[in-house]
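Since the structure comes first, as structure tokens, the remarks are kept for the end.
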Amino acid sequence: MKMAGNIFLVGMMGAGKTSVGRVLAKRLHHEFVDSDHEIEARTGVRIPTIFEIEGEAGFRVREQEVIADLVTHTRIILATGGGAVLKAENRAALRMHGTVIYLSASVDDLLERTQHDKNRPLLRTENPRAKLSTLLAERDPLYREVADLIIDTAHHNVHSLATLIERKLVRLVGKKRDDISNA
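So for the sequence shown, UniProt numbering puts the first residue at 1; every next one is plus one.
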């Protein structure tokens with residue numbers, strides 16, 4: 001059963017999940033949580049350190065535990081980590097407990113937004129553009145599979161994205177009500 005009012009943001013690192021999520025939470029009077037920040041708070045360790053010690057697989061286990069807990073909250077806007085959709089359990093939990101919004105972005109936009117961020121362990125590589133292209137090719141079908149709404153972030157600032165999402169949510173909720181009443 002979907003938890004009333006929960007909104008889960010999925011998409012690549014640099015898509016704007018945290019920035020947009022904060023604005024949406026303020027406007028909609030929801031609690032905002034970033035799953036990566038929550039993992040750091042619960043472990044007392046930064047994400048890059050978790051990757052160094054436990055590898056990506058160890059990080060994904062921690063991420064799954066945090067997501068399983070957070071989706072049970074009510075009136076929450078959750079910005080998930082870019083790779084959260086890699087685990088089928090996360091995709092199922094997100095779909096079951098709220099409205100999933102995929103913030104889509106091009107590799108060029110993602111690179112521009114992440115190029116100076118040193119806290120992105122997966123981008124610590126000789127060719128960040130190639131890495132982003134590979135990750136996006138792998139993850140885009142999973143984001144689309146889980147999403148109730150897909151929002152292209154190109155040519156939008158954080159506030160216009162939040163406004164666009166609010167409008168689309170109103171339409172989506174109305175459509176779901178129509179579907180239920182016509183069943």
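Using N, Cα and C, we set each Cβ at its ideal position, and we do this for glycine too.
{"Check": "For residue 17 versus residue 9, is the C-beta spacing smaller than 8 Å?", "Outcome": "yes"}
{"Check": "Is the beta carbon of residue 148 sitting closer than 8 Å to the one on residue 101?", "Outcome": "yes"}
{"Check": "Give me whichever residues DSSP pairs with residue 31 in a beta bridge.", "Outcome": "76"}
{"Check": "By DSSP's criteria, residue 152 is part of a beta bridge. Which residues make up the other side?", "Outcome": "104"}
{"Check": "Pick helix, strand or coil for residue 10, following the three-state DSSP scheme.", "Outcome": "strand"}
{"Check": "Look at the Cβ atom of residue 71, then the Cβ atom of residue 146, and state whether they are nearer than 8 Å.", "Outcome": "no"}
{"Check": "Between the C-alpha atoms of residue 90 and residue 81, what's the straight-line distance to the nearest angstrom?", "Outcome": "11 Å"}
{"Check": "Check this for me: beta carbons of residue 136 and residue 12, under 8 Å apart or not?", "Outcome": "yes"}
{"Check": "Once the 5 residues before and after residue 58 are set aside, which same chain residues still bring their CB inside 6 Å of it?", "Outcome": "none"}
{"Check": "Would you mind giving the Cβ-Cβ distance between residue 128 and residue 103, rounded to the nearest angstrom? I have them listed as a contact below 8 Å.", "Outcome": "Not confirmed; about 19 Å, so no contact."}
{"Check": "Where in the stretch 30-66 do unbroken runs of the beta strand (DSSP E), each at least 3 residues long, occur, reported from the N-terminal end onward?", "Outcome": "31-34"}
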